[in-house]
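Respectively, the protein sequence lines represent chains A and B. Here numbering that gives the first Met the number 0 is used: position 54 in the first sequence is 53, and no number is missing along the way. Here numbering that gives the first Met the number 0 is used: position 90 in the second sequence is 89, and no number is missing along the way.
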Amino acid sequence: MNPFAPREKATILVAMSGGVDSCVAAALLHRAGHTVIGVTMKLWCYSEGPSPARGCCTLEAIDDCRAVAHRIGFRHYVLDMEDDFREHVIENFVGEYMAGRTPNPCVQCNNWLKFGELLRRAESFGCDYVATGHYARRGVDGDGRATLHRAADPGKDQSYVLWGLSQAALAKAFFPLGAMTKEEVRAAARDLGLAVADKKESQDICFVEGKRYLDFLRLRYPERVAAAPSGEVRDAAGRPLARHEGIHAFTIGQRRGVNVAAGRRLYVSEIDPATAAVVVDDEAALYRRTARIHRVNYLSGAPPDGQIAGAAKIRYLHAAAPAVLRPGGPAALDGTTSAEVTFEEPQRAMTPGQSLVLYEGDRVVAGGLIEHAV
Amino acid sequence: MSRIYLDHNASTPVRPEVLEAILPYFADLYGNASSVHAFGQEAKGAMEEARAKVAALLNAAPGEIVFTSGGTESDNMGILGAARSLASKGRHVVVSAIEHDAVRHASDALEAEGFTVTRVAAAANGQVEPGAVAEALRDDTVLVSVMAANNETGVVQPSAEIGAVCASRGVAYHIDAVQAAGKLPIDVQAWQASFATITAHKFYGPKGAGALYVKRGLKPLQLQFGGEHERGRRAGTENVPAIVGLGVAAELAQKELASVPARIAALRDRLESALLARVPQIVIHGAGAPRVCNTSHVSFVGAEGEHLILTLDMKGIACSSGSACKAGSSHPSHVLLSMGVPAAIAQTAVRLSLGRCTTEAEIDRVIELIPPVVQKLRSASPTFAS
Numbered sequence: 000m001n002p003f004a005p006r007e008k009a010t011i012l013v014a015m016s017g018g019v020d021s022c023v024a025a026a027l028l029h030r031a032g033h034t035v036i037g038v039t040m041k042l043w044c045y046s047e048g049p050s051p052a053r054g055c056c057t058l059e060a061i062d063d064c065r066a067v068a069h070r071i072g073f074r075h076y077v078l079d080m081e082d083d084f085r086e087h088v089i090e091n092f093v094g095e096y097m098a099g100r101t102p103n104p105c106v107q108c109n110n111w112l113k114f115g116e117l118l119r120r121a122e123s124f125g126c127d128y129v130a131t132g133h134y135a136r137r138g139v140d141g142d143g144r145a146t147l148h149r150a151a152d153p154g155k156d157q158s159y160v161l162w163g164l165s166q167a168a169l170a171k172a173f174f175p176l177g178a179m180t181k182e183e184v185r186a187a188a189r190d191l192g193l194a195v196a197d198k199k200e201s202q203d204i205c206f207v208e209g210k211r212y213l214d215f216l217r218l219r220y221p222e223r224v225a226a227a228p229s230g231e232v233r234d235a236a237g238r239p240l241a242r243h244e245g246i247h248a249f250t251i252g253q254r255r256g257v258n259v260a261a262g263r264r265l266y267v268s269e270i271d272p273a274t275a276a277v278v279v280d281d282e283a284a285l286y287r288r289t290a291r292i293h294r295v296n297y298l299s300g301a302p303p304d305g306q307i308a309g310a311a312k313i314r315y316l317h318a319a320a321p322a323v324l325r326p327g328g329p330a331a332l333d334g335t336t337s338a339e340v341t342f343e344e345p346q347r348a349m350t351p352g353q354s355l356v357l358y359e360g361d362r363v364v365a366g367g368l369i370e371h372a373v
Numbered sequence: 000m001s002r003i004y005l006d007h008n009a010s011t012p013v014r015p016e017v018l019e020a021i022l023p024y025f026a027d028l029y030g031n032a033s034s035v036h037a038f039g040q041e042a043k044g045a046m047e048e049a050r051a052k053v054a055a056l057l058n059a060a061p062g063e064i065v066f067t068s069g070g071t072e073s074d075n076m077g078i079l080g081a082a083r084s085l086a087s088k089g090r091h092v093v094v095s096a097i098e099h100d101a102v103r104h105a106s107d108a109l110e111a112e113g114f115t116v117t118r119v120a121a122a123a124n125g126q127v128e129p130g131a132v133a134e135a136l137r138d139d140t141v142l143v144s145v146m147a148a149n150n151e152t153g154v155v156q157p158s159a160e161i162g163a164v165c166a167s168r169g170v171a172y173h174i175d176a177v178q179a180a181g182k183l184p185i186d187v188q189a190w191q192a193s194f195a196t197i198t199a200h201k202f203y204g205p206k207g208a209g210a211l212y213v214k215r216g217l218k219p220l221q222l223q224f225g226g227e228h229e230r231g232r233r234a235g236t237e238n239v240p241a242i243v244g245l246g247v248a249a250e251l252a253q254k255e256l257a258s259v260p261a262r263i264a265a266l267r268d269r270l271e272s273a274l275l276a277r278v279p280q281i282v283i284h285g286a287g288a289p290r291v292c293n294t295s296h297v298s299f300v301g302a303e304g305e306h307l308i309l310t311l312d313m314k315g316i317a318c319s320s321g322s323a324c325k326a327g328s329s330h331p332s333h334v335l336l337s338m339g340v341p342a343a344i345a346q347t348a349v350r351l352s353l354g355r356c357t358t359e360a361e362i363d364r365v366i367e368l369i370p371p372v373v374q375k376l377r378s379a380s381p382t383f384a385s
């Protein structure tokens, strides 16, 4: 029995993308006796441009969800949330890259869409919870506050992208797959007779084909790309090495595309949006011990009294490393809550715009966006 | 939970008399209507009987009725097929801005073929003014298309007056009468129509059968190619069971025109006056114009329409925001925008469309259920100030 399961006979809105995970999540909740309302958010319409041959969010995905809902026997609705998605996810994605940062749109989508606008709508439908197919677990601490934990399957854990949930949102969130492995989920899908059981996994950003975010920017936002100021590629001593067409094409730690002939391997170590300068250096220069983070969220709902020691992840595929978080410090540039995180060992390529998530054991205690590595 | 169906403009249940008439044509009388043998003759005979009934509903001659797969195909034939057949006389077409997508997108396709299309907006009351149509006509205009009754607002259009404008200028006139059938008398003679579209499932017949009235002497170009079905006007084996159903539904609709619409209108009016009395800040679209008996298109200002519809569905009330063909999209209705309704109000529109089986008890239940739901949605709306 899952200790984090909702009370008996809850009404649960399940966000369904059409993938095997969210479909199984919905089906299992229905089988467990809950009233399930499946919802697919219509987020991104490809009809006005070249269409990637992908499944997520397309009309075919909606049909897949409806087929599952029909087979299992719960209702399914489509909510048009294109405006919210454009405003909070796409605009942010484009703006961050143009400012020389590296965004994580999944985090943004969870914060603003799934556990923002969708949760508000769920409440007005009279739903007790919003469930998703994320591999993460929700618990309750000794004071009755909701807690967020890593999934049982370490290879699938997605708690990293959920750091932005407020305490209120977390209390209404539910992740039915948190205790399962991917294989168990696929097996459950086959047992339930779901046609999506063997559907290919999507690992990439749902609105970008492959990993080619630059193509997305050039194709969809040509005027923003054209307006990007060109700048210098410099070495660590400030000597100009080459010109580049805009900082949006660079990410900290990147080697390809630097276009500098040097006798050694050079990596992007700094991006200065003010001067559009891209600094390249030896790989050793990528290693830093301290990150300033902003937009900090403490999942308990309040900042801690002192520092928190734990292990922090600086990107989705990073192995969490021992670190200490100190709340406050110099104010964040955008006026949001800030903190400073110092690792025991220097970490490679702490990248502005990416999320830093601090864990105590398997529990997510805080997260924020990396502003700068020191 | 008993369910209440208030989406009859999207589709209607097949009525028992129709169902009974259809059933033998699946397994017993299954011949191909084009076959010469007895099986074929049975099918053909039944189809011709249906043709006469449909013709009677429209005040047309049986030879002027072409069976199709439904409203979309009829509209496409009445726009694409008609305009192409008239292209030697001119390549300008006039459509109203409040048409169903089957007409709108067919006229978009004409534009891609090199026709010029003028789109005439509706007046604030939801009607397309004959004068506005007359103004849009040019020397090279070959076709006008204005629906008989709007699917969203239910507003009845001045078909006879627009027909007179077209006749005086010698321009062909297509009428999408899908939402008029069974709700008001359709008279292709009085309306001076060249083409008129109906579909069975909007008046208690089955899905998959419709008709296009084609005035004698006109010959819209075929959209699909094959055998000489429908006297060379529409290729493809006829859907005999559905066509039989269309015929019976047309016959019954005509028989009940004098009684049923008035009864439905009384229920609709009861619903509207109760909502007006109980819910502040509501707008009934097209209320200033004549409307078909069953349709109420209401904006509950500040309560997002799509959201309201889902919430009502969870409570067992089925209704829609407008065209069923656009479900899942919350873009404001092109019909309401054409009438000059602000987008923010159009976004909150909900269409309640009653039917011949809607009861007083159902309407009373809807009157009880809607106000608290609207209030809840409004209190959650960041932009609504009561």
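Here a beta-carbon is modelled for each residue, glycine too, at the ideal position from N, C-alpha and C. Since the model is a prediction, treat every value here as computed from it, not as a measurement.
Using a 10 Å radius around the Cβ and a threshold of 16 neighbouring Cβ atoms, would you call Gln223/B buried or exposed? Your numbering for residue 223/B matches position 224 in the second sequence. Its Cβ having fewer than 16 others within 10 Å, Gln223/B is exposed.
Within chain B, the residues that Tyr128/A reaches when beta carbons sit closer than 9 Å: Taking the first sequence and counting its residues from 1, one reaches residue 128/A at position 129. Correct list: empty, because the minimum Cβ distance to chain B is about 15 Å.
Can you tell me whether Gly162/B is buried or exposed, with buried defined as 16 or more other CB within 10 angstroms of its CB? Counting from 1 along the second sequence, the entry for residue 162/B is found at position 163. By the 10 Å Cβ count, Gly162/B comes out buried.
Tyr172/B classed as buried or exposed, judged by whether at least 16 other C-beta atoms fall within 10 angstroms: Within the second sequence, residue 172/B is the residue found at index 173, counting from 1. Tyr172/B should be labelled buried.
Are the beta-carbon atoms of Leu285/A and Gly262/A separated by less than 9 Å? Working through the first sequence from its first residue, we reach residue 285/A at position 286. Working through the first sequence from its first residue, we reach residue 262/A at position 263. Against a cut-off of 9 Å, the Cβ pair of Gly262/A and Leu285/A comes out as no contact.
Straight-line gap, Leu324/A to Arg217/A (C-alpha atoms, nearest Å): Start at 1 with the first residue of the first sequence, and residue 324/A comes out as number 325. Start at 1 with the first residue of the first sequence, and residue 217/A comes out as number 218. Taking the straight line joining both Cα atoms gives about 38 Å.
If you run the structure through DSSP and keep just helix, strand and coil, what is Phe92/A? On the first sequence, residue 92/A is found 93 positions in, with the first residue counted as 1. Three-state DSSP puts Phe92/A in a helix.
Closer than 8 Å between beta carbons: that is the criterion. Which residues of the segment 284-308 of chain B meet it against chain A? Glu305 and His306
So that I know if they touch, is there some Cβ in chain E lying closer than 9 Å to that of Ser16/A? Included in the structure are the protein chains A and B, with no chain E among them.
Kindly indicate which three-state DSSP category Phe194/B falls into: helix, strand or coil? As a position in the second sequence, residue 194/B is number 195, starting the count at 1. Here Phe194/B sits in strand by DSSP.
Chain B partners of Tyr76/A, CB-CB under 7 Å? As a working note, residue 76/A is residue 77 in the first sequence. Residues of chain B passing the Cβ test: Leu309.
Within chain A, the residues that Leu376/B reaches when beta carbons sit closer than 7 Å: Within the second sequence, residue 376/B is the residue found at index 377, counting from 1. Those are Ser123, listed as they occur along chain A.
Have a look at Gly27/A and Arg242/A and give me their C-alpha separation to the nearest angstrom. By one-based count along the first sequence, residue 27/A stands at place 28. By one-based count along the first sequence, residue 242/A stands at place 243. Correcting the residue type first, residue 27/A is Leu in the shown sequence and not Gly. One C-alpha to the other measures close to 55 Å.
Nearest-angstrom Cα separation, counted from Leu142/B out to Arg120/A: Within the first sequence, residue 120/A is the residue found at index 121, counting from 1. Within the second sequence, residue 142/B is the residue found at index 143, counting from 1. Cα-Cα distance, rounded: 46 Å.
Quick one: does Tyr4/B have its CB under 9 Å from some CB of chain A? Taking the first residue of the second sequence as 1, we reach residue 4/B at position 5. Not one chain A Cβ lies under 9 Å of Tyr4/B.
Sorted by chain position, which residues of the same chain lie with C-beta nearer than 6 Å to Gly245/A's C-beta, five sequence neighbours on each side aside? Start at 1 with the first residue of the first sequence, and residue 245/A comes out as number 246. Same-chain partners within the cutoff: Ala227.
Residue environment, Asp175/B, which counts as buried when at least 16 other CB atoms sit within 10 Å: Taking the first residue of the second sequence as 1, we reach residue 175/B at position 176. The residue in question, Asp175/B, is buried, as its Cβ has 16 or more Cβ neighbours within 10 Å.
Applying the criterion that 16 or more other CB atoms from any shown protein chain within 10 Å of the CB defines a buried residue, is Phe25/B buried or exposed? Along the second sequence, one-based indexing puts residue 25/B at 26. That one is exposed.
Buried or exposed: which applies to Asp63/A, given that a residue is buried once 16 or more other Cβ atoms fall within 10 Å of its Cβ? Reading the first sequence from its first residue, position 64 is the one you call residue 63/A. Asp63/A should be labelled buried.
Segments assigned alpha helix (DSSP H), at least 4 residues, entirely inside the segment 148-193 of chain A: 166-170 and 181-190
Beta-bridge pairing of Met40/A - partner residues as DSSP gives them: As a position in the first sequence, residue 40/A is number 41, starting the count at 1. Partner(s): Leu78/A.
Please identify, using Cβ separations under 8 Å, the residues of the segment 63-91 of chain A that lie next to chain B, in order along the chain. Arg74, Tyr76, Val77, Leu78 and Asp79
Can you give me, in chain order, the residues of the segment 97-119 of chain A that have a beta carbon less than 8 Å from any beta carbon in chain B? Arg119
Roughly how many whole angstroms lie between the Cα atoms of Lys214/B and Glu90/A? Position 215 of the second sequence, counted from the first residue, corresponds to residue 214/B. Position 91 of the first sequence, counted from the first residue, corresponds to residue 90/A. Looking at the two C-alpha atoms, the distance is approximately 54 Å.
Close beta carbons around Glu344/A, own chain, < 8 Å, minus the five adjacent residues each side: The residue labelled residue 344/A in the question sits at position 345 within the first sequence. These residues qualify, in order along the chain: Arg288, Ala320 and Pro321.
Locate the beta strand (DSSP E) running through Gly18/A, then write down its first and last residues. What you label residue 18/A is simply residue 19 of the first sequence in a count that begins at 1. Run containing Gly18/A: none; DSSP gives neither H nor E here.
Listed by chain order, chain A residues near Met313/B by CB distance under 8 Å: Translated into the one-based positions of the second sequence, residue 313/B becomes position 314. Chain A residues near Met313/B: Ile36, Arg74, Phe124 and Gly125.
Grouping DSSP H, G and I as helix and E and B as strand, with all else coil, what is Ile174/B? As a first step, residue 174/B must be located in the second sequence, where it is residue number 175. Correct three-state label for Ile174/B: strand.
Taking 8 Å as the cut-off, does the CB of Arg85/A come closer than this to any heavy atom belonging to the ligand ZN? Within the structure as shown, the ligand ZN is missing, as the structure has no ligands at all.
In whole angstroms, give me the CA-to-CA distance for Ile204/A and Leu117/A. Start at 1 with the first residue of the first sequence, and residue 204/A comes out as number 205. Start at 1 with the first residue of the first sequence, and residue 117/A comes out as number 118. Near 20 Å, if we compare the C-alpha coordinates of Leu117/A and Ile204/A.
What's the C-alpha gap between Ala379/B and Val364/A? Translated into the one-based positions of the second sequence, residue 379/B becomes position 380. Translated into the one-based positions of the first sequence, residue 364/A becomes position 365. Those two C-alpha atoms are separated by around 30 Å.
Got a sec? Which residues, its chain only, sit under 8 Å from Ala86/B by beta carbon, not counting five neighbours each side? Taking the second sequence and counting its residues from 1, the one referred to as residue 86/B is at position 87. So the list reads Phe114 and Val141, once near-sequence residues are dropped.
Proximal residues of chain A, C-beta to C-beta of Ala379/B below 8 Å: Position 380 of the second sequence, counted from the first residue, corresponds to residue 379/B. Here the neighbours are Arg119, Glu122 and Ser123.
Using the Cα positions of Tyr4/B and Asn150/B, report the straight-line distance between them to the nearest angstrom. Translated into the one-based positions of the second sequence, residue 4/B becomes position 5. Translated into the one-based positions of the second sequence, residue 150/B becomes position 151. Taking the straight line from one Cα to the other gives about 16 Å.
Top-ranked residue by Cα proximity to Arg291/A, from Val195/A, Ser354/A, Asp281/A and Ala236/A: Here residue 291/A refers to the residue found at position 292 of the first sequence. For Arg291/A, the nearest C-alpha among the options comes from Ser354/A.
Contact check, Met146/B vs Glu98/B, beta carbons under 9 Å: Translated into the one-based positions of the second sequence, residue 146/B becomes position 147. Translated into the one-based positions of the second sequence, residue 98/B becomes position 99. Cβ atoms of Met146/B and Glu98/B: closer than 9 Å.
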